[in-house]
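At position 124 of the sequence shown the residue is numbered 124 (my numbering), and the sequence of numbers has no breaks. Ideal Cβ placement from N, Cα and C applies to all residues, glycine included. Here the structure is a predicted model, which is why all the values come from computation and not from measurement. A quick write-up on the structure given underneath.
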Amino acid sequence: ANDFLPRINVLSANERNKYVTRIQRLFDEAKECSDDKVKLADLSYDEINEMIKRLDLDKARLEEKMYNRASGAKNIEEGVQQIDGIWNTSSRKVQKPPYKINENKKIQKGIVTINNITNSNEEIYCFCKQISYGKLIACD
1 ANDFLPRINV
11 LSANERNKYV
21 TRIQRLFDEA
31 KECSDDKVKL
41 ADLSYDEINE
51 MIKRLDLDKA
61 RLEEKMYNRA
71 SGAKNIEEGV
81 QQIDGIWNTS
91 SRKVQKPPYK
101 INENKKIQKG
111 IVTINNITNS
121 NEEIYCFCKQ
131 ISYGKLIACD
């Protein structure tokens with residue numbers, strides 16, 4: 001293509017057609033590569049989104065399990081031990097469990113609704129701000 005533009009006026013019609021055909025073929029190959037990249041990006045986004053949903057669900061189940069174990073404890077120390085037993089594993093560091101103890105020595109934890117888990121990475125509709133679930137068509 002670099003030698004085509006300076007010599008465009010001196011080339012015969014047949015030679016110009018050859019260059020144009022070659023440029024068109026190269027453009028088509030580049031467009032095909034670009035389309036493949038877009039497909040791979042969409043596939044990667046969908047896979048990552050599914051993994052985030054699974055992790056959110058697993059987290060909610062773990063928190064619900066912790067709450068259920070702690071609420072069945074006879075006293076606060078037993079509840080803390082049961083929760084710490086869930087959190088402690090040999091493959092990761094001990095993390096502080098997400099619970100609060102008030103002055104009445106009761107474990108405070110919000111009820112987790114697994115069906116209503118939302119993710120800040122989800123695509124949303126324009127005005128109603130509802131999650132599109134990958135099918136952004138229109139607002140309700």
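{"Check": "What is the DSSP secondary structure of V38, counted as helix, strand or coil?", "Outcome": "helix"}
{"Check": "If you draw a straight line from the alpha carbon of E50 to that of D58, how long is it in whole angstroms?", "Outcome": "12 Å"}
{"Check": "Given this structure, state the Cα-to-Cα distance separating R25 from Y19, to the nearest angstrom.", "Outcome": "10 Å"}
{"Check": "Using the Cβ count rule (16 or more neighbours within 10 Å means buried), how would you classify E47?", "Outcome": "exposed"}
{"Check": "Cα separation between R22 and L40?", "Outcome": "27 Å"}
{"Check": "In angstroms with no decimal places, state the Cα-to-Cα distance between D56 and D35.", "Outcome": "32 Å"}
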